[in-house]
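Protein chains in written order, with the working numbering: chain A, 2 to 121; chain B, 3 to 258.
Okay, here's the thing in structure tokens:
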């Protein structure tokens with residue numbers, strides 16, 4: 002039993018570098034799967050920002066009796082927060098993809114390479 | 003409700019009936035309703051099914067896994083890679099929690115797809131269930147953040163490189179953005195599950211009510227059922243991914 006285990010261990014050691022390599026090549030697929038997950042966040046993140054901001058404004062108005070000052074202010078802030086959420090998610094996605102493109106693992110086609118000189 | 007049996011006539015089953023809570027064992031403690039409902043039943047079922055499956059399939063713990071053991075190991079590795087990718091080495095400690103969370107939501111979603119007629123129920127289609135999960139995660143992650151970084155965790159709300167005169171605007175925006183986490187986390191799961199199940203029920207109602215012409219909606223239901231199974235999986239995945247991303251923010255603050 003012990004010999005058999007050692008045998009399997011030795012064989013695994015031999016195989017695992019190849020396996021790791023194969024996993025690395027599979028990276029774009031894994032990223033695609035994660036991208037679906039992240040893309041699904043965009044919509045709800047935007048709406049949740051507006052909703053939370055508006056609710057906070059509504060409650061503050063009720064507390065301090067300042068209607069509709071806080072309501073309007075926090076509606077705007079909430080919208081900004083929602084946009085910030087979306088912006089962050091989108092930037093994360095783009096950075097991930099750009100890393101892969103630079104490593105030559107993902108081909109987006111010529112048009113999608115970042116060539117607009119925005120010095121990001 | 004009587005409408006549930008109305009398939010043969012022109013009457014349509016109420017598509018919202020499937021979301022109704024039924025008390026199986028009515029129970030009240032100090033004015034708080036803690037009845038054992040169909041929602042509780044399905045959550046208990048999910049835990050029992052998961053535990054039984056994982057313990058049973060890993061019982062032999064063969065070095066070269068059989069078919070069932072492969073499923074367990076596949077699940078384990080799938081979640082483990084996800085946690086490692088999004089939180090790095092610091093997050094390894096929290097892997098058991100995220101694994102349990104993912105499997106729990108996944109199994110609940112999948113159990114909800116079983117056609118059990120009158121008894122079929124999906125706890126994740128109740129906003130309070132998903133919100134309780136999301137609130138637990140939100141409070142937990144915030145506590146971990148303060149525990150790891152002390153009061154410095156508040157720097158999350160004031161990103162570096164922002165000029166001081168912008169701070170009065172930026173800080174409220176960042177705080178609201180942080181507070182949206184439990185809302186978007188819970189609403190996303192709840193809305194996806196509820197909408198999908200309602201749609202299936204409405205199509206099913208048409209198929210029953212239209213007689214021979216009902217073959218149209220029936221055919222339409224086939225791809226939608228497949229889609230709903232995909233959504234059930236994907237939403238469990240998104241829930242777990244987001245939890246590990248929030249955890250990552252609390253553990254490695256510098257990202258912001």
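All C-beta atoms in this analysis are idealised placements derived from N, C-alpha and C, irrespective of residue type, glycine included.
Next item on the list: For residue 63 of chain B, I'd like the list of residues in its chain whose CB is within less than 8 Å of its CB, leaving aside the five on either flank, ordered along the chain.
Entry: Excluding residues up to 5 positions away in sequence, 71 lie with their Cβ nearer than 8 Å to the Cβ of residue 63 of chain B in the same chain.
Next item on the list: Grab me the residues of residue 129 of chain B's own chain with a C-beta within less than 6 Å of its C-beta, minus the 5 sequence neighbours each way, in chain order.
Entry: Once the five neighbours on either side are set aside, the close Cβ partners of residue 129 of chain B are 192.
Next item on the list: Output, in chain order, the set of chain B residues within a Cβ distance shorter than 8 Å of residue 46 of chain A.
Entry: In chain order: 182, 186.
Next item on the list: With 7 Å as the C-beta to C-beta threshold (strictly closer), list the residues of the region 186-214 of chain B near chain A in chain order.
Entry: Cβ contacts with chain A: 186, 189, 190.
Notebook entry, point to check: Over what stretch of residues does the alpha helix (DSSP H) that includes residue 61 of chain B continue unbroken?
Noted result: Per DSSP, residue 61 of chain B belongs to no alpha helix (DSSP H) and is neither H nor E.
Notebook entry, point to check: So which residues of chain B does residue 102 of chain A contact, with C-beta pairs closer than 8 Å?
Noted result: Here the premise fails: no neighbours, minimum Cβ distance about 18 Å.
Next item on the list: Name, in chain order, the residues that DSSP records as bridge partners for residue 110 of chain B.
Entry: Looking at the DSSP assignment, residue 110 of chain B forms no beta bridge with any residue, so it has no partner.
Check: Listed in chain order, which residues of the region 74-94 of chain A have Cβ atoms closer than 8 Å to some Cβ of chain B?
Finding: Here the close residues are 75, 78, 79, 81, 82, 83, 85, 86.
Check: Quick one: is residue 10 of chain B buried, meaning 16 or more other Cβ sit within 10 Å of its Cβ, or exposed?
Finding: Interpretation of residue 10 of chain B is limited by its pLDDT of 46, a score under 50 that renders its predicted location unreliable; no figure is taken from the coordinates.
Margin query: Quick check on the DSSP output: the beta strand (DSSP E) that includes residue 26 of chain B runs from which residue to which?
Written below: Segment 25-27, the beta strand (DSSP E) holding residue 26 of chain B.
Checklist line | Contact with chain A by residue 138 of chain B, beta-carbon distance below 8 Å | finding: Not an interface residue.
Notebook entry, point to check: chain A partners of residue 179 of chain B, CB-CB under 7 Å?
Noted result: Here the neighbours are 50, 82, 85, 86.
Next item on the list: Buried or exposed for residue 68 of chain A, please, with buried defined as at least 16 other CB atoms from any protein chain shown within 10 angstroms of its CB.
Entry: By the beta-carbon neighbour count (other beta carbons within 10 angstroms, threshold 16), residue 68 of chain A is exposed.
Margin query: Let me see if you follow: with CB-CB separation under 8 Å, is residue 174 of chain B close to chain A or not?
Written below: Judged by the 8 Å Cβ criterion, residue 174 of chain B is in contact with chain A.
Margin query: For the region 100-118 of chain B against the region 233-244 of chain B, do three or more pairs of beta-carbon atoms, one drawn from each stretch, fall closer than 8 Å, so that the two count as touching?
Written below: Yes, they touch.
Checklist line | Contact set between the region 57-87 of chain B and chain A, restricted to residues whose Cβ is under 7 Å from the partner | finding: Hits within the stretch, in order: 65.
Next item on the list: Give a yes or no on whether 8 Å exceeds the smallest Cβ distance from residue 105 of chain A to chain B.
Entry: For residue 105 of chain A, not one C-beta of chain B is nearer than 8 Å to its own C-beta.
Next item on the list: Keeping to the same chain, check which residues put their C-beta closer than 6 Å to that of residue 14 of chain B; ignore five residues upstream and five downstream.
Entry: 207, 211, listed in sequence order.
Note to self: Does residue 51 of chain A come out as helix, strand or coil in the three-state DSSP assignment?
What the structure shows: Collapsing the DSSP output to three states places residue 51 of chain A in a helix.
Check: For residue 185 of chain B, does the count of other Cβ atoms within 10 angstroms reach 16, so buried, or fall short, so exposed?
Finding: It counts as buried.
Margin query: Between residue 50 of chain A and residue 91 of chain A, how many whole angstroms is the CB-CB distance? I'm expecting something under 8 Å.
Written below: With a Cβ gap of about 14 Å, residue 50 of chain A and residue 91 of chain A do not count as contacting.
Notebook entry, point to check: Tell me which same chain residues have a C-beta within less than 8 Å of the C-beta of residue 47 of chain A, skipping the five on either side of it?
Noted result: Leaving aside the five residues that flank residue 47 of chain A on each side, the residues in its chain whose CB is nearer than 8 Å to its CB run, in chain order, 83, 84, 86, 87.
Item checked: Residue environment, residue 7 of chain A, which counts as buried when at least 16 other CB atoms sit within 10 Å -> Burial call: exposed.
Item checked: Cβ-Cβ distance between residue 199 of chain B and residue 127 of chain B below 8 Å -> For the 8 Å CB-CB criterion, residue 199 of chain B and residue 127 of chain B form a contact.
Notebook entry, point to check: Taking residue 225 of chain B as the reference, which of B/39, B/247, B/201, B/236 has the closest Cα?
Noted result: Among B/39, B/247, B/201, B/236, the Cα nearest to that of residue 225 of chain B is on B/201.
Note to self: Please classify residue 167 of chain B as buried or exposed, where buried requires at least 16 other C-beta atoms within 10 Å of its C-beta.
What the structure shows: Classification for residue 167 of chain B: exposed.
Check: Cβ of residue 57 of chain A less than 8 Å from any chain B Cβ?
Finding: Yes, residue 57 of chain A lies at the interface with chain B (some Cβ there is under 8 Å from its Cβ).
Item checked: Buried versus exposed, by CB contacts within 10 Å (16 or more), residue 54 of chain B -> Around the Cβ of residue 54 of chain B, a 10 Å sphere holds fewer than 16 other Cβ atoms; the residue is exposed.
Check: What is the residue span of the alpha helix (DSSP H) that residue 100 of chain A lies within?
Finding: DSSP places residue 100 of chain A inside the alpha helix (DSSP H), whose first and last residues are 70-103.
Check: Residues in its own chain within less than 8 Å of residue 52 of chain B by CB, not counting five upstream and five downstream?
Finding: Taken in chain order, the residues that qualify are 105, 106, 109.
Notebook entry, point to check: Since residue 155 of chain B and residue 163 of chain B are thought to touch, with beta carbons under 8 Å apart, how far apart are those beta carbons, to the nearest angstrom?
Noted result: Not really, about 18 Å apart at Cβ, beyond 8 Å.
Margin query: For residue 16 of chain A, count the other beta carbons within 10 Å of its own beta carbon; 16 or more makes it buried, fewer makes it exposed. Which is it?
Written below: Its Cβ having fewer than 16 others within 10 Å, residue 16 of chain A is exposed.
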